[in-house]
Amino acid sequence: RRVSGIDLPPGSGPRHLAFQPDSGTVFVINELVASITTIRFDPHTGQLGPVLHCVATVPADFPAHKSTAAILVHPNGSFLYGSNRKFADHPLADSIVAFDLQDRGQAPKLIGHATQGLAFARTMAIDPGATWLYVLNQKGDSIVQFLVDPFNGALCATGRITEITTPVGLVFRST
Numbered sequence: 008r009r010v011s012g013i014d015l016p017p018g019s020g021p022r023h024l025a026f027q028p029d030s031g032t033v034f035v036i037n038e039l040v041a042s043i044t045t046i047r048f049d050p051h052t053g054q055l056g057p058v059l060h061c062v063a064t065v066p067a068d069f070p071a072h073k074s075t076a077a078i079l080v081h082p083n084g085s086f087l088y089g090s091n092r093k094f095a096d097h098p099l100a101d102s103i104v105a106f107d108l109q110d111r112g113q114a115p116k117l118i119g120h121a122t123q124g125l126a127f128a129r130t131m132a133i134d135p136g137a138t139w140l141y142v143l144n145q146k147g148d149s150i151v152q153f154l155v156d157p158f159n160g161a162l163c164a165t166g167r168i169t170e171i172t173t174p175v176g177l178v179f180r181s182t
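First residue of the sequence shown? That's 8 in this note's numbering, and the numbers climb one at a time after it.
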């Protein structure tokens, strides 16, 4: 049974979503237009809406052809990350975009982009300690590690790269 739904602009290509803990907010990454839509969410009823904000994952001078893939909220709820996958030539075509969510209810604020070692970022995962963000390069045949700055959410490449053929998923097991 359908509990709720919301219409996003035609052609936006909603791909994945992530919930912000304890905020009543869900974020949807739009694959075809390289944007993230912020939507109100009522966890008690499951109702979606209204749309609160929409922010681009790439700068305004980016080529018309865009592609995003993954989205995740840091476990502390203060930072949001989205992956841009190379579809056109631009310095940020393969990147992870970081946003600050500390002003709850406000539009996500751009922190910056991380590009080091990325090649068609398919998905991402944050370790259980919330220190490291791992990016899986589907076409780059590798997993790249970034340090998450706990104060501002910025990503810093550690230089640690694990070679693996066509990675598309990563799950941490708690012990």
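Note that beta-carbon positions come from the ideal geometry of N, C-alpha and C, so glycine has one too.
The secondary-structure analysis by DSSP pairs Phe69 with nothing; it has no beta-bridge partner. Contact between the region 118-130 and the region 96-104 is established, with three or more Cβ pairs separated by less than 8 angstroms. For Gly31, the closest of Ser181, Pro82, Phe158, Arg47 by C-alpha to C-alpha distance is Arg47.
Gly136 sits in coil when the DSSP states are folded into three classes, being neither helix nor strand.
Following the DSSP letters along the chain, one finds Arg180 in no beta strand (DSSP E), marked with neither H nor E. Excluding residues up to 5 positions away in sequence, Pro21, Val35, Asn37, Thr44, Val58 lie with their Cβ nearer than 8 angstroms to the Cβ of Leu15 in the same chain. Contact check for Gln145 against Thr173 passes: the beta carbons are separated by less than 7 angstroms. As computed with DSSP, Gly119 is found in a beta bridge with Ala105.
Counting only the Cα atoms, Ala128 lies some 6 angstroms from Leu143.
For Thr172, no beta strand (DSSP E) encloses it, and the DSSP letter there is neither H nor E. With 16 or more other Cβ atoms from the protein chains shown falling within 10 Å of its own Cβ, Gly147 counts as buried. As the crow flies, the alpha-carbon of His97 is around 42 angstroms from that of His51.
Taking the C-beta atoms as reference points, Val65 is found nearer than 7 angstroms to Leu99.
Residue nearest to Tyr88 within the set Ile13, Leu162, Ala67, Val40 is Leu162 (criterion: CA-CA distance). Ranked by Cα distance from Ser42, the first of Arg111, Ala126, Ala67 is Ala67. Non-local C-beta neighbours of Pro17 in its own chain, meaning closer than 6 angstroms and more than five positions away in sequence, are absent. With fewer than 16 neighbouring CB atoms inside 10 Å of its own CB, Ala71 falls in the exposed class. With 16 or more other Cβ atoms from the protein chains shown falling within 10 Å of its own Cβ, Phe153 counts as buried. Straight through space, the alpha carbons of Arg92 and Leu39 are spaced by roughly 11 angstroms.
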